[in-house]
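K.L.:
Read top to bottom, the protein sequences are chains A and B. The working numbering puts the first residue of the first sequence at 54, with every later residue one more than the last. The working numbering puts the first residue of the second sequence at 12, with every later residue one more than the last. No residue lacks a Cβ here, since even glycine has one placed at the ideal position from N, Cα and C.
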Amino acid sequence: MNSPKPVGPPLWLLLELTYRCPLHCVFCYNPTEFARTGAELSGADWLRVLREARALGAVQLGLSGGEPLVREDLEEIVAEAHRLGFYINLITSGIGLTEARIKALKSAGLDHIQLSFQDSTREMNDFLSSTRTFELKSKVAALIREHDYPMVLNVVLHRHNIDHVGEILDMAERMGAQYVELANTQYYGWAWLNRDQLLPSRAQLERAEVITQRYRERLEGRMKIYFVVPDYFETRPKACMSGLGSVFLAIAPDGIAMPCHAARMLPGLELPNVRTSGIREIWYDSSAFNRFRGDAWMKEPCRSCPEKHKDFGGCRCQAYLLTGDADNADPVCDLSSHHGLVTQAVARAEAAAAASAPAREHVLVFRDHRTSIPLVTGARAEPAEAGP
Amino acid sequence: MSEVADTTRPAIAAGMRLQWEAAQEAHVLLYPEGMVKLNGSAGAIMSRCDGVRTVADIVADLERSFGLSGLAADVRAFVSLALERHWLEVRE
Chain A
54 MNSPKPVGPP LWLLLELTYR CPLHCVFCYN PTEFARTGAE LSGADWLRVL REARALGAVQ
114 LGLSGGEPLV REDLEEIVAE AHRLGFYINL ITSGIGLTEA RIKALKSAGL DHIQLSFQDS
174 TREMNDFLSS TRTFELKSKV AALIREHDYP MVLNVVLHRH NIDHVGEILD MAERMGAQYV
234 ELANTQYYGW AWLNRDQLLP SRAQLERAEV ITQRYRERLE GRMKIYFVVP DYFETRPKAC
294 MSGLGSVFLA IAPDGIAMPC HAARMLPGLE LPNVRTSGIR EIWYDSSAFN RFRGDAWMKE
354 PCRSCPEKHK DFGGCRCQAY LLTGDADNAD PVCDLSSHHG LVTQAVARAE AAAAASAPAR
414 EHVLVFRDHR TSIPLVTGAR AEPAEAGP
Chain B
12 MSEVADTTRP AIAAGMRLQW EAAQEAHVLL YPEGMVKLNG SAGAIMSRCD GVRTVADIVA
72 DLERSFGLSG LAADVRAFVS LALERHWLEV RE
């Protein structure tokens, strides 16, 4: 066995300030049991988390949720983060971002705003038909530009909107977006529940890439477009979080500390809580953060794979969701004996596209308090039958 | 690679922030959702790019600070690279 690499600081800190959100996105990665989690941390708790993490060397800060603007003390959190020397990114739907608030956030020291596109069907349709949502996003985009922030738009793609990628980019251009991230859905949380309704076909994906390339050429120098391919179409897994416990630390609204956004679902991982443990102890000493460090936990084919320090075996949550064992190789890898689970899911998407089944016939599960349930109850999770 | 004149006054690009990180014992360049850890010489150059000093000023300052000479070509090459990567910008 190689001697373990020394553990570096948690450079990337993500605070999920709240699970509260005015939207109900079908692809939300928040835990499906979000409504059953404990009370939100107080402002004082968040400030303590910031101070302790910064003292360890954390420097990139993401503020997300839910919708972080729901927190009335967001400005205080930003001000303290700025005072401590964090680079602060706000990830928001823009709902609640008024002139007064953006001014307050700017003067508190907020560095960057990413305006995210939310509800896949309702909001996107509304946006593409240039109605209420388009007006709202345009207004927010104008505010963002007026306050000298780069205009960064993030749009989550899936089967039901990927064919509109040209219209989406037209709208982004009209809004004055300088950066557009077209991020294909990743299948966790609510998106996992809805996976078989959301996964695009390969043909859809290829068409979207061709169109994106055309816009890239036309808008060269004015708008930068990123296209993130869904990993189900790859043969090697993503280097998830650069390895769990390597640089990334996420804190959930109830104070649970996680080595990735979705780690709450992993069985047997005793996630520490910032209410009872300090950040130093959580990062360096807790069993949860040490669980997937190094490569001793790996099974074959990862254990003897020459690429194991490149992709770290891929995503632990995806390995668990698809194979029932978080120590397995991410089945996106075609060296995994479970790779068939991924190709079968893609094949089902192809079949659905070929049958041109109208989207509305499938029941999508909208993220909601009413539908909030634990995603994983048995040893192995399958995408649930959607709907009652 | 673009030509960098002695009179160019490079500045840290908008939306980027340069700071010293004790935990990493390095200057880092921070930008939306990313970070570049700079080596010693890159940090020394970047920390002098304030939009006021010219490339010639920066070279002279570095040569004085480190007791070296003949840094001009290296500094120009780095500034050119940093402009291409949008770490630095030249304001009107």
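#1: Quick check: what's the CA-CA separation for L163(A) versus A408(A)?
#2: Expressed to the nearest angstrom, what Euclidean distance is found between the alpha-carbon atoms of G296(A) and L40(B)?
#3: Measure the alpha-carbon distance for P126(A) versus G96(A) and round it to whole angstroms.
#4: Answer with buried or exposed for P121(A), where buried requires no fewer than 16 other C-beta atoms within 10 angstroms of its C-beta.
#5: Within 10 angstroms of the Cβ of M311(A), are there 16 or more other Cβ atoms? Answer buried if so, exposed if not.
#6: Less than 8 Å between the beta carbons of A315(A) and F365(A), yes or no?
#7: Specify, as a first and last residue, the run of the alpha helix (DSSP H) that M224(A) falls within.
#8: Which residues does DSSP list as the beta-bridge partners of F280(A)?
#9: Which residues in chain B have a C-beta closer than 7 Å to the C-beta of Y140(A)? List them in chain order.
#10: With V300(A) and G61(A) assumed to form a contact (beta carbons below 8 Å), what rounded beta-carbon distance in angstroms separates them?
#11: Is the number of C-beta pairs between the stretch 366 to 381 of chain A and the stretch 259 to 271 of chain A that are closer than 8 Å three or more?
#12: Helix, strand or coil, according to DSSP, for K291(A) in the structure here?
#13: Could you tell me whether any Cβ in chain A is nearer than 8 Å to the Cβ of E100(B)?
#14: Tell me whether the beta-carbon of D216(A) lies closer than 8 Å to the beta-carbon of Q167(A).
#15: Return the first residue and the last residue of the beta strand (DSSP E) that I144(A) is part of.
#16: So, with DSSP's three-state summary, where would you put I23(B)?
#17: My parser needs the beta strand (DSSP E) runs of 3 or more residues fully inside the stretch 296 to 364 of chain A; what are they?
#18: Checking 8 Å against the spacing of the C-beta atoms, do A93(B) and M57(B) come in under that value?
#19: How far does the alpha helix (DSSP H) with R255(A) in it reach, from first residue to last?
#20: Which complete beta strand (DSSP E) runs does the stretch 107 to 140 of chain A hold, if anything under 3 residues is left out?
#21: Have a look at R102(B), T19(B), G51(B) and A16(B) and flag the residue whose alpha-carbon is nearest the alpha-carbon of A37(B).
#22: Does the beta-carbon distance from C447(A) to L319(A) come in below 8 Å?
#23: Is there at least one Cβ from chain B nearer than 8 Å to G110(A)'s Cβ?
#24: Using a Cβ-Cβ distance cut-off of 8 Å, determine whether A439(A) contacts chain B.
#25: Does any residue of chain B have a CB that is nearer than 8 Å to the CB of P359(A)?
#26: Once you ignore the five residues that flank A398(A) on each side, which residues in its own chain have a CB closer than 8 Å to its CB?
#27: Assign M46(B) to one of three DSSP states: helix, strand, or coil.
#28: Report buried or exposed for A230(A), applying the criterion of at least 16 other Cβ atoms within 10 angstroms of its Cβ.
#29: Starting from M46(B), find everything on chain A with Cβ-Cβ shorter than 9 Å and list it in chain order.
#30: In chain A, what lies closer than 8 Å to E32(B) by C-beta?
#31: Need the endpoints of the beta strand (DSSP E) that V86(B) sits in, please.
#32: Using the C-alpha atoms, what's the distance from D380(A) back to A88(B)?
#33: According to DSSP, is L40(B) helix, strand or coil?
#34: Between which residues of its own chain and A305(A) is the CB-CB distance below 6 Å, once the five residues before and five after are set aside?
#35: Please tell me whether D307(A) has its Cβ less than 8 Å away from any Cβ of chain B.
#36: Compare the Cα-Cα distances from S117(A) to each of E152(A), T71(A) and I155(A) and report the closest residue.
P.N.:
Based on what the coordinates show:
#1: 48 Å
#2: 22 Å
#3: Position check: residue 126(A) holds Asp in this sequence, whereas Pro was assumed. Their backbone Cα atoms lie some 7 Å apart in a straight line.
#4: buried
#5: buried
#6: no
#7: V218 to R227
#8: L235(A)
#9: R28 and L41
#10: 7 Å
#11: no
#12: coil
#13: no
#14: no
#15: Y140 to T145
#16: strand
#17: 301 to 304
#18: yes
#19: R255 to R271
#20: 113 to 117
#21: G51(B)
#22: Residue 447(A) cannot be examined here, being either before or after the span of chain A that is shown, 54 to 441.
#23: yes
#24: Because the pLDDT of A439(A) is 33, which lies under 50, any placement of that residue in the model is unreliable, and the question is left without a value.
#25: no
#26: R248, D249, L252 and Y285
#27: strand
#28: buried
#29: L64, W65, V112, Q113 and Y140
#30: G110 and V112
#31: Here V86(B) belongs to no beta strand (DSSP E); instead the alpha helix (DSSP H) covers A83 to E95.
#32: 46 Å
#33: strand
#34: E69
#35: no
#36: T71(A)
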